[in-house]
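Chains as they are written, first to last, in the working numbering: chain A, 251 to 447; chain B, 251 to 447. We put the CB at the ideal spot given by N, CA and C, even for glycine. What follows is a single structure, written as structure tokens, with notes after it.
Protein chains: 2
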Amino acid sequence: MDKLEILKQHISRYVTLTDEELGYFLSHFKENSYKKNQVIIREGDRVENEYFVLSGYLKTFFINEETKMYILQFAMPGWWTSDYVALYNNTRATINVDCISDAEVLSLSNTDLEKICAEIHAIERFFRWRTNRGYIASQKRVLSFMTGDAKKRYEDLMQLYPQLYNVVPKQLIAAYLGVSRETLSRLYSHHKPNKNV
Amino acid sequence: MDKLEILKQHISRYVTLTDEELGYFLSHFKENSYKKNQVIIREGDRVENEYFVLSGYLKTFFINEETKMYILQFAMPGWWTSDYVALYNNTRATINVDCISDAEVLSLSNTDLEKICAEIHAIERFFRWRTNRGYIASQKRVLSFMTGDAKKRYEDLMQLYPQLYNVVPKQLIAAYLGVSRETLSRLYSHHKPNKNV
DNA sequence: TTTCAAATGTGATGTAGATCACCTATTTGC
DNA sequence: GCAAATAGGTGATCTACATCACATTTGAAA
Chain A
251 MDKLEILKQH
261 ISRYVTLTDE
271 ELGYFLSHFK
281 ENSYKKNQVI
291 IREGDRVENE
301 YFVLSGYLKT
311 FFINEETKMY
321 ILQFAMPGWW
331 TSDYVALYNN
341 TRATINVDCI
351 SDAEVLSLSN
361 TDLEKICAEI
371 HAIERFFRWR
381 TNRGYIASQK
391 RVLSFMTGDA
401 KKRYEDLMQL
411 YPQLYNVVPK
421 QLIAAYLGVS
431 RETLSRLYSH
441 HKPNKNV
Chain B
251 MDKLEILKQH
261 ISRYVTLTDE
271 ELGYFLSHFK
281 ENSYKKNQVI
291 IREGDRVENE
301 YFVLSGYLKT
311 FFINEETKMY
321 ILQFAMPGWW
331 TSDYVALYNN
341 TRATINVDCI
351 SDAEVLSLSN
361 TDLEKICAEI
371 HAIERFFRWR
381 TNRGYIASQK
391 RVLSFMTGDA
401 KKRYEDLMQL
411 YPQLYNVVPK
421 QLIAAYLGVS
431 RETLSRLYSH
441 HKPNKNV
């Protein structure tokens, strides 16, 4: 159960639980291993779970008319992801989630999540706080699209998550920034982050 | 207490409360009236409250190097707003909130909000669900910036909130869409929504 | 009602970034 | 280890939108 350590620490940053509560909560997670390129949620799927990343990198993305890919989120170790639109509205997936690298993931069904939130007040608080953070991050991203050009967005991303430079193919970074891979290539040929990170 | 009706209905769409719980919750709100152009939160302020709009329209915005305005959100009747970054991180306001028209607003201090969330589990659930919705809306906005051009974003906004066409000056709509007022003017001269809405 | 400021419309011009075309690394599967 | 696929780089060209400049309309204050 060593794998759960990262999740335990993540939770305890926000709320204090008894060992019993924590154990009960953790008992509802399932552990899964995925290979690079493996799909976790495909557009049109019924969406039942949230996912917590233990290791590896996922991407949450949308494909426009079968051509262009738009990345909504990279999910890194310690991050949650899912198609929240589908999950909260109980509709089919409109986005995809797959693996950028081999990954270990914990899944929690939305049914269990709601059940445990109802049973344990502190867990409900934990998820309120978690969503608060996601909301703030998303607002910041909106602002970065409005106020900055591609170069600014690229530099901000590299500053915040320098590890992406080595792990994630450049065209995926372009798809996250909302810029063509050609333009991104021209941008960072003048501005390389520290490759040793 | 008639003014509170809109808030009561808003809450009861998500959770069921006893009359006692509901009354206790509502007793923590303060009612305020503001005039057009009046400022509710100014950049640099200490932020203490969330605001629930009863009537009128607010805007939440950011000003870049004292020149360009970027609108993060229009707050309409039945909507919540604040500087959530400042509120959750307990930092000074980095954005502004003011009134597009005369407005009636209920305010709830973050201290009271957290207190009541701890006291009444169902209120914590209400705020979790509310933030979930905000998060989804924000993600949709990110996608609209990535996938659509200015015209698409304008049409989507007018379809969703046609009332904005009459109530909100065009330059503010431009500042929300992330487009210059000149470009917006050129766009909608070819595409007017129904003015009778 | 008049007046002044703010909002809006519109032409001319400049520019970031898209797209297309093609070439050169790197991976990945056999 | 080799072939094929995938990722990445770079020039040429095109386009949506910004910016500047100025005219016109609207709306609020006096």
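Chain-order list of residues whose beta-carbon lies under 8 angstroms from that of residue i (same chain, five-residue window excluded)
i         : result
Cys367(B) : Ile373, Glu374, Phe377
Gly273(B) : none
Leu257(B) : Leu276, Phe279, Phe302, Leu304, Leu356
Leu407(B) : Leu414, Ile423, Tyr426, Leu427
8 angstroms contact criterion, which residue i and residue j should meet: CB distance rounded
i         : j         : result
Leu308(B) : Ala353(B) : 6 angstroms
Phe312(B) : Tyr301(B) : Rounded, the Cβ-Cβ distance is 17 angstroms, inconsistent with contact.
Val392(A) : Phe395(B) : 7 angstroms
Thr381(A) : Tyr385(B) : 6 angstroms
Ser388(B) : Lys286(B) : Between Lys286(B) and Ser388(B) the Cβ distance is about 27 angstroms, and since that is not below 8 angstroms, they are no contact.
Asn314(A) : Thr397(B) : 6 angstroms
Local conformation of residue i per DSSP, three classes
i         : result
Asn340(A) : coil
Phe275(B) : helix
Gln413(A) : coil
Lys445(B) : At Lys445(B) the pLDDT is 33, less than 50, meaning the model places this residue with poor confidence; the figure from the coordinates comes in the next sentence. Coil at Lys445(B), not helix or strand.
Asp269(A) : helix
Asn299(A) : strand
Ile290(A) : strand
Ile423(B) : helix
Ile366(A) : helix
Trp329(B) : coil
Asp252(A) : helix
Ser435(B) : helix
Ile261(B) : helix
Glu405(A) : helix
Val418(A) : coil
Thr317(B) : coil
Val347(B) : strand
Gly428(B) : coil
Tyr284(A) : strand
6 angstroms Cβ shell around residue i - same chain, five flanking residues per side excluded
i         : result
Val289(B) : Asp348
Val265(B) : Ala372, Arg375, Phe376
Lys253(A) : Leu304
Contacting residues, own chain, Cβ-Cβ under 7 angstroms from residue i (five flanking each side not counted)
i         : result
Glu293(A) : Ala343, Thr344, Ile345, Asn346
Tyr438(B) : Tyr404
Nearest candidate by alpha-carbon position, reference residue i, set the options
i         : options                                    : result
Thr331(B) : Asn287(B), Thr310(B), Ile261(B)            : Thr310(B)
Glu405(B) : Val392(B), Leu427(B), Gly328(B), Asn339(B) : Leu427(B)
Asn340(A) : Leu267(A), Thr317(A), Ser277(A), Asn360(A) : Asn360(A)
Lys401(A) : Leu422(A), Leu434(A), Trp379(A)            : Leu434(A)
Val335(A) : Arg383(B), Asp399(B), Phe279(B)            : Arg383(B)
Val323(A) : Val429(A), Phe279(A), Leu422(A)            : Per the sequence shown, the amino acid found at residue 323(A) is Gln instead of Val. Gln323(A) has its Cα closest to that of Leu422(A), out of Val429(A), Phe279(A), Leu422(A).
His456(A) : Leu363(A), Gln259(A), Asp252(A), His260(A) : Residue 456(A) is absent from the structure shown; chain A starts at 251 and stops at 447.
Val417(B) : Gly306(B), Asp399(B), Asp252(B)            : Gly306(B)
Inter-residue Cα distance where the pair is residue i and residue j
i         : j         : result
Asp333(B) : Val297(B) : 7 angstroms
Gln229(B) : Ser262(B) : An answer regarding residue 229(B) cannot be provided, because it is not within the stretch 251 to 447 covered by chain B.
Glu432(A) : Pro419(A) : 13 angstroms
Tyr284(A) : Leu304(B) : 49 angstroms
Glu255(B) : Gly328(B) : 10 angstroms
Thr268(A) : Ser357(A) : 22 angstroms
Glu281(B) : Ala425(B) : 29 angstroms
Lys390(A) : Glu270(A) : 37 angstroms
Thr317(B) : Trp379(B) : 36 angstroms
Met326(B) : Ser430(A) : 36 angstroms
Arg436(A) : Phe275(B) : 55 angstroms
Tyr415(B) : Glu369(B) : 42 angstroms
Pro412(B) : Asp399(B) : 19 angstroms
Asp295(B) : Ile291(A) : 43 angstroms
Lys365(B) : His260(B) : 20 angstroms
Distance cut-off 6 angstroms: residue i Cβ against heavy atoms of the ligand MN
i         : result
Leu407(A) : For the ligand MN, the structure offers nothing, since it holds no ligand at all.
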